[in-house]
Amino acid sequence: MNSPNPPRSVGRPRSLADPYKRREVCSLIGIGAGYDEAARHVGCSVATLRREADRDPAFAEQLASAETASGLSPLRALRSAVNNNWRAAAWLLERTCPQRFALRKPESLSPSDVRTLLDEVANIMADECTDDAQLERMCSRLDDLQKARFGQYRATLQGDPAPKSADERYYDKLQREIEEALGAVDMDVSAKDVRTAIAGMEAYDRRAAEARRENIALQNPSPPEAA
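Structure (structure tokens):
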């Protein structure tokens, strides 16, 4: 007679199967204790917390909500202090709007400053280079240089260096030449007046180009579509 099968051993119970422990973990994380402290309080490891969250989506959502709450509480307190404490207001502005309010060394450049500089370099290259393929390679190398110098994140903020269009560069060059000519004869004409004149020339050239295109279209009408 065959002996009955021995009873199967019961695995170790999950330490976070207890709903009370789960609530304790979420409460501690919610007040900013962190995963290490929360796990130590209920007698498990951080890895156990992670595994339980992977196993149970509801628990994972509770942990995510607790993490969000832990960040919101200090922010609410800070925003409340902003009304009466200028230091709190200054700190908040520096962190939330660093481009405008963060303290910078006199010689430091913001991403927008670097973007403007790179675009100006690209414009100079476009003015001096007549080969489009060569210009594209130089702009690509300039982009690689800023990524190597500033890192991918800041390079993304600054944007890829790109020259202006040929028409825009033409009018910029024309403006520089007019300003130099006026300076040479010592005429009292402001830069604003020069820009206004250039804008008028651009508008005239655009209208003339549109008129030429319309004349070409009238002289070369499209053939009627086949029925």
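When you read off a place in the sequence shown, starting at 1, and then add 822, the result is the number in my numbering.
Ideal placement from N, C-alpha and C gives every residue a C-beta, glycine not left out.
Boundaries (first-last residue) of the alpha helix (DSSP H) holding residue i
{"i": "C848", "result": "P841 to G852"}
{"i": "L885", "result": "P879 to V904"}
{"i": "R909", "result": "W908 to T918"}
Under the three-state DSSP convention, the category residue i falls into
{"i": "G865", "result": "coil"}
{"i": "C951", "result": "coil"}
{"i": "N1037", "result": "helix"}
{"i": "P985", "result": "coil"}
{"i": "A855", "result": "coil"}
{"i": "R991", "result": "helix"}
{"i": "L957", "result": "helix"}
{"i": "A860", "result": "helix"}
{"i": "L964", "result": "helix"}
{"i": "S934", "result": "helix"}
{"i": "G945", "result": "At residue 945 the sequence reads Asn, which differs from the Gly that was named. Helix."}
{"i": "L838", "result": "coil"}
Exposure of residue i, with buried meaning 16 or more beta-carbon neighbours within 10 Å
{"i": "R844", "result": "buried"}
{"i": "E1032", "result": "exposed"}
{"i": "P841", "result": "exposed"}
{"i": "P879", "result": "exposed"}
{"i": "P985", "result": "buried"}
Distance between residue j and residue i (C-alpha atoms, nearest Å)
{"i": "K969", "j": "E942", "result": "18 Å"}
{"i": "T870", "j": "N907", "result": "42 Å"}
{"i": "A899", "j": "G854", "result": "14 Å"}
{"i": "I851", "j": "L914", "result": "23 Å"}
{"i": "S995", "j": "R909", "result": "What sits at residue 995 in the sequence shown is Lys, not Ser. About 47 Å."}
{"i": "E950", "j": "R998", "result": "16 Å"}
{"i": "D966", "j": "A948", "result": "18 Å"}
{"i": "S887", "j": "T952", "result": "58 Å"}
{"i": "M960", "j": "G865", "result": "60 Å"}
Cβ shell of residue i (< 7 Å), same chain only, five flanking positions each side left out
{"i": "L885", "result": "C848, I851 and A875"}
Proximal residues to residue i (C-beta, below 6 Å), its chain only, five neighbours per side dropped
{"i": "A860", "result": "V847, L850 and I851"}
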